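Trainee: Last residue of the sequence shown: number 1043 in my numbering, and the count goes up by one each step with no gaps.
Dropping the structure in here first, questions after.
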Amino acid sequence: MKRKHRITKRFLLLIIIFASLYLAGCAAVGTKTAIVSDIKTAFKGTYKVDPYMEKHMPRTIAVLPFIDESKSQKGAEAVRRGFYNHFSSLPFTDMELFRVDHELRKAGLYDQDAINKTPPEKFKEILNVDAVIFGTISNFDKLFAGVYSQVSVGAEIKMYDTQGHFLWSGTHVARIHEGGISTTPVGIVASIIAAAINIRDIQLLRACDDLFRDMVKTIPAVKYAEALLKPHIEMLAQDSKGEPKKAGDIIKVALKGNPGMQAWFDMGGFKKGIDMAEVEPGGYVGSYRVVPGDNIKDVVVTGYLSDDAGNTTSRVDAIQTVTLDTTPPNAPKNLTATGRDNIVVLSWDKNTEYDLAGYVVYRSDTPLSGFTKIGQTEFAGFEDKNVINLTACYYKISAVDPAGNESSKEEHVTGTAVPPGPTYVKGKLEKNTIWYAGASPYLIEDTVIIPETCSLLIEPGTIIKSSGGGLVIRGGIIASGSKTQIITFLSVNESALESAWEGITFDSVKGDKNLLVFCRIKNAVTGVEIKSSSPEIRNCEFVKNDIGIKIIGGFSNPQIEDCIIHDNSSAGIEIIDGAKVSITNNRINNNNAGLLIQDAGSVSVKGNLITNNKGFGIVVKNSEAAISKNNIYDNALSDMEGAFQGKAADANDNWWGKADWHDLLTNTNGRINIKTILDGPYPDGKSIAIPVITENLGGRIDKDSILAFSDSPYRVTNDLILDNGATLYIQPGVKLLFDKQFSIIAKDGGVAAMGIKDNPIIFTSSGSSPSPGDYTYAVCFSEPTKVSSFFKYCKFEYATTAIDVRHGMPEIAYCHIVNNSQSGIRCGNDAGPRILYNTIAKNLGTGGIECVGMAKPKIHYNNFLENAVAIQSFSTIYIDARHNFWGKVPPDDTVIWGKNINITPWLEMPDMDAFSITQEKEKPTISTTEDTETTKK
107 MKRKHRITKR FLLLIIIFAS LYLAGCAAVG TKTAIVSDIK TAFKGTYKVD
157 PYMEKHMPRT IAVLPFIDES KSQKGAEAVR RGFYNHFSSL PFTDMELFRV
207 DHELRKAGLY DQDAINKTPP EKFKEILNVD AVIFGTISNF DKLFAGVYSQ
257 VSVGAEIKMY DTQGHFLWSG THVARIHEGG ISTTPVGIVA SIIAAAINIR
307 DIQLLRACDD LFRDMVKTIP AVKYAEALLK PHIEMLAQDS KGEPKKAGDI
357 IKVALKGNPG MQAWFDMGGF KKGIDMAEVE PGGYVGSYRV VPGDNIKDVV
407 VTGYLSDDAG NTTSRVDAIQ TVTLDTTPPN APKNLTATGR DNIVVLSWDK
457 NTEYDLAGYV VYRSDTPLSG FTKIGQTEFA GFEDKNVINL TACYYKISAV
507 DPAGNESSKE EHVTGTAVPP GPTYVKGKLE KNTIWYAGAS PYLIEDTVII
557 PETCSLLIEP GTIIKSSGGG LVIRGGIIAS GSKTQIITFL SVNESALESA
607 WEGITFDSVK GDKNLLVFCR IKNAVTGVEI KSSSPEIRNC EFVKNDIGIK
657 IIGGFSNPQI EDCIIHDNSS AGIEIIDGAK VSITNNRINN NNAGLLIQDA
707 GSVSVKGNLI TNNKGFGIVV KNSEAAISKN NIYDNALSDM EGAFQGKAAD
757 ANDNWWGKAD WHDLLTNTNG RINIKTILDG PYPDGKSIAI PVITENLGGR
807 IDKDSILAFS DSPYRVTNDL ILDNGATLYI QPGVKLLFDK QFSIIAKDGG
857 VAAMGIKDNP IIFTSSGSSP SPGDYTYAVC FSEPTKVSSF FKYCKFEYAT
907 TAIDVRHGMP EIAYCHIVNN SQSGIRCGND AGPRILYNTI AKNLGTGGIE
957 CVGMAKPKIH YNNFLENAVA IQSFSTIYID ARHNFWGKVP PDDTVIWGKN
1007 INITPWLEMP DMDAFSITQE KEKPTISTTE DTETTKK
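See below:
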């Protein structure tokens, strides 16, 4: 022990002596040297002065950051400060280094190479000085072997005025070789300096001194003799050692120079004019106590010495900077404790502070007091070993930074070491129970029931496996895992479909403190079934169940947030029988159906991704559903299917995969209120209106518009004229009621009426007792246009002429054209409609189809039934009417007028694909998972 003490004292003495050597080597005026050394220096340098400088002497000069070609760490800045210390003794007005750096950063100049490439003229604008000094370090190396050291520093310095003229340059390399050390008593200042600077830094300072001491004397200066009158500073040092300091710490600064002067120091621009006292002849000491709120990084200390006449000299600390940090790190988040056999494993989220030093772990036997430090770590985890099994311990964590600032401690967590599993469970709980992760897996042998008087707490990371029985909650459950410690519920045999277990059932739970967070529920008949209960389900995964989540009953009002619900064989979520629910920010994909909402109460669906489901994305029937701000697209059968009676579901402001609303006509079906869509995926997409008509029809339409099923029926109270290239899109299920004598007239426009077989579009009379001829036309194509028109699965009835095609080639397919007073379809001029798979029946007057002029329709696979005339033509143009059923076999010639009509071959019986309806059909019930039949779309 004594020997170790002697070694420590000897090492401290060596440092002090090296500091003293430096003080002696730096002396420029007549103080007696107290330290003797056999230092040998070799100094060779070159310099150049341009004659231009003599008549254009600069007054204000800035020393720019140096280029470091030696690839040393921080060498450039240390040498720059060393040069500045000598240069500042010249009778120029020099700009403080921290101000130079600040102004350069403001101008966007951060990199030394970029600064070096900037023309000198630019610095007049940036720094407002007369001249600038560039520097390049060519050597910066140190070799230490025991007490022998060698330091080499070389630099090339150039001065330009800010008009671009070269003024002066100097090049030097200084090498210092040192051997023996002589010992001499030292004073207070030397002790502080020795404590602040190590031997290597002293050698560097001496090399910089030798490099620049005589170099700056080659710079021409006005009245250079005045510089000799300034006080002289031999040495400046501060004792922070480059380490950050916290509130309450004291930083000491020592300065060695002429005696009998006034001395002070600055810490960059942070604190200025901090007084220093002369504690011994020529030795000055000052200090600064760090206070809360002091936060600076890498600030340079500058010392000043001034005589009574006001002549002042400054010197910067060329080696070290000051960093003050009084702000503690943030407290660690999400602390968890997992019990193992005689071990408690702690984990938490890693802090993100750049200056984090580590974490401190505290433990107590009680939850509110008595916490003592049990360890420190640099990692976001800790193991408390040798803990007694089944004994609760309480833990807190704090974070610390290099300055010693310590964060607050978040709420404690409880950790209990437990014997290892498996643990077998079944039947009714008799008391409040904890399932520990360390005792996993828990094997459910038969249904586990949590009665009203009990609760179950499941630790993060716990695994529960079932051989068939489920978990029935009538009391309370808290199963709160974490991102890294998910609670898992699954079947004992995952691979066998018949081994599905019953899942988790909330059965009329009265409390609202039931929670499933970061759980994975897999292989169940129903992952979670909620009966008249309101649990909170967040960040859970439901995968490979028959139904992911099922919600039943008017007293149910759960919250389902941030879950992943995928690959469930029947449905992701099913809501029935008056249940209420909030479904927010979930990912629902690759299920047979995404959401089935039938006969439910108030349902909010917001912020979800509903995509790639094998059937429907969402089915809503007879429910108060508000569906907004979701991303719904690429679902196989339909993105959304609504009911065909009752109030429409509200589905405004969703992203449907494209900003083009036209796709909604085929990707959605049923009574769905959509007036606005998003122009991009939520949450970045903006709401844009789509052109849904909500009023009675009449007047002129000159842009694409929609007749929506949600706003049906529409009443035509005046002629509706389509012009300017507009298309009128009509959704399946829309009913148009025509007042007498009014029509839809397509001039330069078209109609896209695309119904579906189970939900056709109806064109009919508005009369209470309709009869043929109540209105003029359903649609009349009155003028030539390039706009295409389509009619599919439509019913036209009670018009004078249902469709009057004077121009164009509309496609009329799978329609029922019946009970019109004049004709079903009239073709004139050069019209060429395609008429396919229609039922054309009971039309009076000129009958089913009338062709005049140069009309040349194509008429195939239609059924003509009970018309006054099936078809007639009054021109010589060939009419292709093959493959139709004409009501009789062979066809009755008395209902086919025109020799130019080719009806051969005809159909021997009605075409079964031709569309007809005898009365308006309601949409069949959308099947739920409880139904035994599947409805074909």
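We put the beta carbon where it would ideally sit given N, CA and C, even for glycine.
These figures come from a predicted structure and were not determined experimentally.
#1: To the nearest angstrom, report how far apart K656 and L942 are at their CA atoms.
#2: With a CB to CB cut of under 6 Å and the five nearest residues on each side skipped, what residues in its chain are close to Q665?
#3: Which residues in the same chain as Q426 place their Cβ atom closer than 6 Å to its Cβ, once the five residues preceding and following it in sequence are excluded?
#4: With the cut-off set at 8 Å, would you say G684 and I653 are in Cβ contact?
#5: Indicate whether R940 and E917 have their beta-carbon atoms separated by less than 8 Å.
#6: Give the DSSP-derived three-state secondary structure of E642 in the structure shown.
#7: If distances are taken between C-alpha atoms only, which option among G375, A313, D381 and K358 comes closest to A369?
#8: Span of the alpha helix (DSSP H) holding V185?
#9: Just to confirm before moving on: does the CB-CB distance between V467 and T483 stay below 8 Å?
#10: Can you look up D461 in the DSSP assignment and give me helix, strand or coil?
#11: First and last residue of the beta strand (DSSP E) that includes H966?
#12: So what's K212 in DSSP terms, helix, strand or just coil?
#13: Indicate whether the contact test is met: 3 or more Cβ pairs, each with one atom in the region 558-573 and one in the region 539-546, closer than 8 Å.
#14: Considering only residues of the same chain and omitting the five flanking positions on each side of G581, which have a CB-CB separation below 7 Å?
#15: From this set, N728, G721, K712 and N692, which residue's C-alpha is nearest I703's C-alpha?
#16: Given that a residue counts as buried once 16 or more other Cβ atoms are within 10 Å of its Cβ, and exposed if not, what is D372?
#17: Under the three-state reduction of DSSP, which class applies to A987: helix, strand or coil?
#18: Got a sec? Which residues, its chain only, sit under 6 Å from L701 by beta carbon, not counting five neighbours each side?
#19: How long is the line joining the alpha carbons of F722 and A498, rounded to whole angstroms?
#20: Should G521 go down as buried or exposed, given a rule of 16 or more other Cβ atoms within 10 Å for buried?
#21: Which of the three DSSP states, helix, strand or coil, is assigned to I425?
#22: Within its chain, find whatever has a CB closer than 6 Å to the CB of A182; leave out the 5 residues flanking it on each side and keep chain order.
#23: For S228, report the span of its alpha helix (DSSP H) as first-last.
#24: Candidates A974, G959 and K571: which alpha carbon is nearest I550's?
#25: Just how far apart, CA to CA, sit Y883 and I850?
#26: Given that a residue counts as buried once 16 or more other Cβ atoms are within 10 Å of its Cβ, and exposed if not, what is N620?
#27: Report the three-state DSSP secondary structure of L317 (helix, strand or coil).
#28: Name the two residues that bound the continuous alpha helix (DSSP H) containing T772.
#29: Could you give the residue range of the alpha helix (DSSP H) that holds K809?
#30: Have a look at the DSSP bridge pairing and note the partners of S710.
#31: Return helix, strand or coil for L203, following the three-state DSSP convention.
#32: Based on the DSSP secondary-structure assignment, which residues constitute the bridge partners of R469?
#33: Which runs of the beta strand (DSSP E) at least 3 residues long sit entirely within the region 524-552? Give them in chain order.
#34: Which of the three DSSP states, helix, strand or coil, is assigned to Y881?
#35: Just how far apart, CA to CA, sit D455 and N599?
#36: Rounded to whole angstroms, what is the Cα-Cα separation between Q978 and R806?
Mentor: Considering the structure as presented:
#1: 45 Å
#2: E642 and S688
#3: G348
#4: no
#5: yes
#6: strand
#7: D381
#8: Bounds of the alpha helix (DSSP H) holding V185 are G181 to F193.
#9: yes
#10: coil
#11: K964 to H966
#12: Residue state for K212 is assigned as helix, using DSSP reduced to three classes.
#13: yes
#14: I556, P557, E558, T559, C560 and S561
#15: N728
#16: buried
#17: coil
#18: Closer than 6 Å at Cβ, skipping near neighbours: I679 and I724.
#19: Taking the straight line from one Cα to the other gives about 50 Å.
#20: buried
#21: coil
#22: F172, D174 and I243
#23: The identity of residue 228 in the sequence shown is Lys, whereas the question assumes Ser. It spans P226 to L233 - the alpha helix (DSSP H) in which K228 sits, taken as one unbroken run.
#24: K571
#25: Going from the Cα of Y883 to the Cα of I850 covers about 7 Å.
#26: buried
#27: Three-state result, L317: helix.
#28: L770 to N773
#29: Taken as a continuous stretch (DSSP letters only), K809 belongs to no alpha helix (DSSP H), as it is neither H nor E.
#30: Checking the DSSP bridge columns, you'll see S710 partnered with S688 and A732.
#31: helix
#32: T478 and Y501
#33: 529-534 and 539-541
#34: strand
#35: 34 Å
#36: 34 Å
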